[in-house]
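Residue numbers (this note's numbering): 49 to 189.
Structure first, then comments.
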Ligand code: SF4
Ligand code: SF4
């Protein structure tokens, strides 16, 4: 996320420090998605709605200690090809607040998830386990 000097793996003389760390992070992992908090789904209707959302390309969902979130895999249009931020001085507050102390470079975000659905199929499998007769939910219409 930083606009500090970009370093490459080829330069083995550089140590990973808070200032150089982002330069080691191929493709700036934290600049390649957005998240959006959502109400915790509870009913069949809620999960059916979430299924519709995850039927769309690059839309995923997870639950962690802070609740449920949509995860949309999409690269920030301000990310420069070399991994630097193209609007570093005026980048949004969320980007300013994001610390690289311990971030996705150190461990994948999924490790902190209680539940993770990488798309329609994994959520459908969860719905079938969670609700009896999930596949018959439209029968009374
Ligand atoms: S994931 Fe971490 S190391 Fe990679 S660009 Fe973001 S803050 Fe920097
Ligand atoms: S504005 Fe800059 S720091 Fe924020 S996500 Fe985009 S490229 Fe990354």
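C-beta: ideal position from N, C-alpha, C; glycine also.
| Counting only runs that start and end within the stretch 72-159, where is the beta strand (DSSP E) found for 3 or more residues in a row? | DSSP runs (the beta strand (DSSP E)) wholly in the stretch 72-159: 81-86, 107-112 and 115-121.
C-alpha distance - residue 182 paired with residue 144, whole-angstrom precision: Put simply, the backbone Cα of residue 182 is about 43 angstroms away from that of residue 144.
From residue 167 to residue 120, what does the alpha carbon distance come to, in whole angstroms?
Each residue's Cα considered, the two are about 11 angstroms apart.
CA-CA distance, residue 152 and residue 173? Counting only the Cα atoms, residue 173 lies some 27 angstroms from residue 152.
Worksheet entry | Anticipated Cβ contact below 8 angstroms, residue 161 with residue 111, distance rounded | That belief holds up - the Cβ atoms of residue 161 and residue 111 are roughly 7 angstroms apart, short of 8 angstroms.
Nearest-angstrom Cα separation, counted from residue 171 out to residue 150
If I take the Cα positions, the gap works out to 29 angstroms.
Under 5 angstroms, CB to nearest heavy atom of ligand 1: contacting residues: What you get when you keep residues with a C-beta closer than 5 angstroms to any heavy atom of ligand 1 is 49, 69, 70, 73, 76, 77, 78, 148, 151, 152 and 153.
Check: Taking 7 angstroms as the cut-off, is the CB of residue 133 close to at least one heavy atom of ligand 3?
Finding: Judged by which ligands are present, ligand 3 is missing from the structure shown, whose ligands are ligand 1 and ligand 2.
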